[in-house]
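Okay, structure first, notes after.
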Amino acid sequence: MHPTLKEVFDRLYAAYGPRHWWPAQSPFEVLIGAVLVQNTAWQNVEKAIDRLRGDDLLEPHALYAVPVEELEELIRPVGYFRIKARRLRNVLEFLVDRYDGSLEAMFQTGLAELREGLLQVKGIGPETADSILLYAGGLPAFVVDAYTHRVLARHGWIGFDADYYQIQDYFLSGLPQDAALFNEYHALLVEVGKRHCHKHPRCEGCPLAEMLPPGGPFEPD
DNA sequence: CACCAGGCAAGTA
DNA sequence: TACTTGCATGGT
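So the first sequence is numbered by the numbering used here: it starts at 5 and just counts up by one.
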């Protein structure tokens, strides 16, 4: 019998406590960090954001005024810097043209409608959109990432072949629609995934170890 | 040295 | 629709 999602949350929260995500100083930093961190270590993103901060570019109109070639060089440490510079400009265009650069105005749009708009921006997929909605906007969008997939599949709670929306629905149908809960839950899944899923293939010392199925963790294909 | 990290879009069949 | 490939730096 699977544990409930609340039982999993309580176990993780007891082990790790509040994670204080997202690591950023403003909603705008969350927005650009969400693009820069795609398939990239956060450590690299910090270098890029520090460089933008040094040039006072952590503001929508200022950053949108930077030519794409200059933006590429500023964000080079994140990797994929050419495509990500263009993705940043795409989302800045969306923000400036439709909301005059105001995140507050952007988040006046309801969750579902804003999510649809964000997904029209080239370079914003489901995870990036939900990260922006939840961690920049405080809206109840559950963020699914590689850690989420790995932790759930290893316990057999979902299949390894489950897609983004199957995993997201697993949470949305089993939890109250509470942004603070979604915020903490995702951050806790990242923490347990980082600490255990790679370093300890048999889940030694993991706070979720006793929630494993008989025979131990499932393995990918 | 190889391998991976808080994805996404474009190309192919 | 369902795979596959390109994108790229920095840490282990």
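From the three backbone atoms N, C-alpha and C, an ideal C-beta is built for every residue, glycine too.
query	result
Outcome for G21 when other beta-carbon atoms lying within 10 angstroms are tallied against a minimum of 16	exposed
Pairwise C-alpha distance: R15 and H204	18 Å
P31: first and last residue of the uninterrupted alpha helix (DSSP H) it sits in	P31 to L40
Beta carbon of A183 nearer than 8 Å to that of G219	no
Residue span of the alpha helix (DSSP H) that contains G58, given as start and end	W46 to G58
For Y139 and Y103, the rounded distance between their alpha carbons	19 Å
Integer Cβ distance of L115 from L137, believed to fall under 8 Å	6 Å
Residues of its chain near R55, where Cβ-Cβ distance is below 6 Å and the 5 sequence neighbours each way are ignored	L78
Contact check, Y169 vs K198, beta carbons under 8 Å	no
Cβ neighbour criterion (16 or more within 10 Å) applied to G37	buried
Collapsed DSSP secondary structure at I162 in the structure displayed	coil
Endpoints, alpha helix (DSSP H) assigned at K88	F85 to Y103
Limits of the unbroken alpha helix (DSSP H) element including V72	V72 to L78
Short Cβ contact (8 Å threshold) for Q172 with V148	yes
Alpha-carbon spacing of L123 relative to E73, whole angstroms	25 Å
Burial state of Q42, where buried means 16 or more other Cβ atoms lie within 10 Å	buried
Selected residue, minimal CA-CA separation from F222, among Y189, M215 and G160	G160
Identity of the residue in L216, G83, S135 and H200 nearest E188 by Cα	S135
Inter-residue spacing [alpha-carbon to alpha-carbon] between F98 and S106	11 Å
Given E50 as reference, the closest of E117, A28 and E195 once Cα atoms are compared	A28
Proximity of C210 and V194 at Cβ, strictly below 8 Å	no
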